[in-house]
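**Q** For the sequence shown, the residue numbers in this note's numbering are 280 to 702.
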Amino acid sequence: MTSVSSFRLLVALIFILGGAILASQLPQSGQQFIIVFASGAIALFTVLQDRPAASLPDPATLERQRKRILYQGRSEAYQDIINPITDPILLVRNAKVAAANPAAAKVLGDHIVGEDVRIAIRHPAAADRLANPDAEHSGEPILLVGVGSTDQRWELRINTLQDGLKLVQLSDRSSRYAAERMRTDFVANASHELRTPLAAIKGFLETLEDPKAGKDDATRARFLKIMYNEADRMQRLVEDLMSLSRIEAEKFEIPSEQIDLSELVGEARDFYINSRGKKENEILVKAPADIPLIYGDRAQLSQVVNNLLSNAFKYGKKGAPVTISLAPNKSGTMLCLAISDQGDGIAAEHIPRLTERFYRVDKGRSKSIGGTGLGLAIVKHITERHGGRMEISSTVGQGTTVSIILPIASNSLTQGDSGHAVA
């Protein structure tokens with residue numbers, strides 16, 4: 280027995296003997312008091328003697344428990360109701376957080392119960408309304424920016440319950456505001472892209488109205504060529520916008536036609552050789568003899584191949600070959616189309632944004648070679664409609680590879696050559 284335990288036992292015995300002697304000298308009511316007191320003392324020291332000192336709660340835990348007991352009250356009755364709710368929920372009484380569900384603890388911290396609500400939600404727009412117990416609340420949302428993380432947007436609603444409780448709900452609206460920002464940016468970018476060629480055409484038309492410029496055949500021919508190029512660029516932009524709109528309208532319609540992707544690759548290769556002046560050694564195709572079929576929209580998949588080939592030639596090294604690889608994966612469930620160039624490559628920080636509409640790594644170069652900034656966005660949307668995914672890898676100074684992975688048709692008879700399979 281340790282010295283601490285011996286000391287506790289000695290004190291307990293003193294209580295017992297002292298209580299017995301004192302009880303004999305007191306009336307009956309006093310004796311009962313002493314007996315109850317001595318019994319409690321014995322029980323207390325017995326518990327303390329058997330309980331290891333290390334198991335006592337730390338001061339911070341005791342303080343949190345004290346606050347929970349002090350501020351919860353009837354709010355415990357609501358705990359089972361608010362726990363399953365995915366939105367952060369707080370119950371507030373007298374400007375103190377009486378209860379919080381797991382979602383609120385995840386966003387605001389698990390220490391918030393018992394804290395001042397202005398500390399739990401550090402935002403000036405909500406502080407006054409939450410801190411005033413007598414404030415009336417209409418349920419109208421309050422926009423909070425920066426709670427949880429700097430880029431998050433929340434709508435806070437306050438509703439009054441019984442027993443002075445207030446229910447505070449936080450609804451995450453970050454994705455909605457991001458979508459609205461994308462739509463706004465899209466309209467602004469599309470307007471800018473259309474306005475630029477229109478301004479150029481209008482300017483040259485005004486110049487040609489001058490009799491002196493109109494009579495100069497060389498000047499007129501140069502201006503007309505520029506105007507034609509600008510009009511052509513505007514036409515491509517409008518066509519890409521319409522194409523993107525059609526793809527988005529059909530994104531929930533799963534294609535059911537079986538397509539031979541190797542046939543589309545062959546058609547695209549022949550087009551660039553016969554109509555775009557490319558040499559045969561500038562387009563290399565690597566594919567097994569038998570390629571499994573996929574379910575798809577023929578026109579859209581042809582657009583994918585042509586968009587990727589166009590980008591590879593635009594941004595690849597002049598005269599260097601573009602490689603088209605086509606093969607099933609090892610499990611035979613997906614078909615991978617990869618188109619690689621040997622250009623300057625793309626820095627890693629740009630790759631996540633390449634599929635954004637109108638995003639360009641080098642705006643000047645992209646416009647000079649006729650890019651609309653929508654090609655990869657179109658490819659991504661078509662790929663997602665077909666149940667696939669798009670991957671981009673690039674090394675600065677070596678080139679870029681864009682891969683499209685699409686599911687193979689379940690009843691496709693051919694499974695490809697395992698020797699050519701890709702991971």
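Every residue, glycine too, gets a C-beta built ideally from N, C-alpha and C.
1) Buried or exposed for residue 563, going by 16 or more other Cβ atoms inside 10 Å?
2) Using the Cα positions of residue 348 and residue 666, report the straight-line distance between them to the nearest angstrom.
3) Opposite residue 613 in the DSSP bridges: which residues?
4) Where do the ends of the alpha helix (DSSP H) carrying residue 479 lie?
5) Enumerate, from N- to C-terminal direction, the unbroken beta strand (DSSP E) stretches of 3 or more residues contained entirely within the segment 588-637.
6) Measure the beta-carbon distance from residue 684 to residue 615 and round it to whole angstroms, keeping in mind my assumption that it falls under 8 Å.
7) Does the contact criterion of 3 or more C-beta pairs under 8 Å hold for the segment 623-639 versus the segment 493-504?
8) Give a yes or no on whether the C-beta atoms belonging to residue 379 and residue 396 are separated by under 8 Å.
9) Applying the criterion that 16 or more other CB atoms from any shown protein chain within 10 Å of the CB defines a buried residue, is residue 441 buried or exposed?
10) So for residue 524, helix, strand or coil by DSSP?
11) Taking the CB atoms as reference points, tell me whether residue 595 and residue 579 lie closer together than 8 Å.
12) Could you name the residues that DSSP lists as bridge partners for residue 586?
13) According to DSSP, residue 438 sits in a beta bridge with which residue or residues?
14) Sort 663, 668, 633 and 419 by Cα distance to residue 652 and report the nearest one.
15) On a Cα-Cα basis, can you pick out the residue from 419, 505, 529 and 445 that is closest to residue 372?
16) Determine the contact status of residue 374 and residue 422, defining contact as a CB-CB distance below 8 Å.
17) Please state the DSSP three-state secondary structure of residue 432.
18) Per DSSP, residue 669 is paired with what?
19) Put residue 334 into one of helix, strand or coil per three-state DSSP.
20) State the DSSP-derived secondary structure class of residue 562, mapped to helix, strand or coil.
21) Would you decide whether residue 637 is buried or exposed? Buried here means 16 or more other CB atoms lie within 10 Å of its CB.
22) How about residue 571 and residue 600: do their beta carbons lie closer than 8 Å?
23) For residue 572, which three-state DSSP category applies?
24) What residue from 552, 613, 618 and 583 has the CA that sits closest to residue 654's CA?
25) For residue 526 versus residue 664, is the C-beta distance shorter than 8 Å?
26) With C-beta atoms as the reference, is residue 538 less than 8 Å away from residue 575?
27) Identify whether residue 395 lies in helix, strand or coil by the three-state DSSP scheme.
28) So which of 662, 602 and 641 has the shortest CA-CA distance to residue 678?
29) On the DSSP bridge list, what partners appear for residue 375?
30) Can at least three beta-carbon pairs, one atom from the segment 497-516 and one from the segment 539-559, be found at a separation below 8 Å?
31) Within this structure, are the beta carbons of residue 382 and residue 365 separated by less than 8 Å?
32) Measure the C-alpha to C-alpha separation of residue 617 and residue 476 and round it to an integer number of angstroms.
33) Would the beta-carbon of residue 473 fall within 8 Å of that of residue 657?
34) Whose C-beta lies closer than 7 Å to the C-beta of residue 689 among residues of the same chain, with five residues either side of it excluded?
**A** Judging by the given coordinates:
1) exposed
2) Per-residue confidence for residue 348 stands at a pLDDT of 46, beneath the threshold of 50, marking its modelled position as unreliable; the derived number appears in the next sentence. Approximately 53 Å between the Cα atoms of the pair.
3) 686
4) 453-487
5) 601-607 and 613-619
6) 5 Å
7) no
8) no
9) exposed
10) helix
11) no
12) Partner(s): none; residue 586 has no beta bridge.
13) 446
14) 633
15) 445
16) no
17) strand
18) 683
19) With a pLDDT of only 49 at residue 334, under the threshold of 50, the placement of this residue in the model should not be trusted; the figure read from the coordinates follows. Reduced to three states, the DSSP call for residue 334 is helix.
20) strand
21) buried
22) no
23) coil
24) 583
25) yes
26) yes
27) strand
28) 602
29) 372 and 395
30) no
31) yes
32) 33 Å
33) no
34) none
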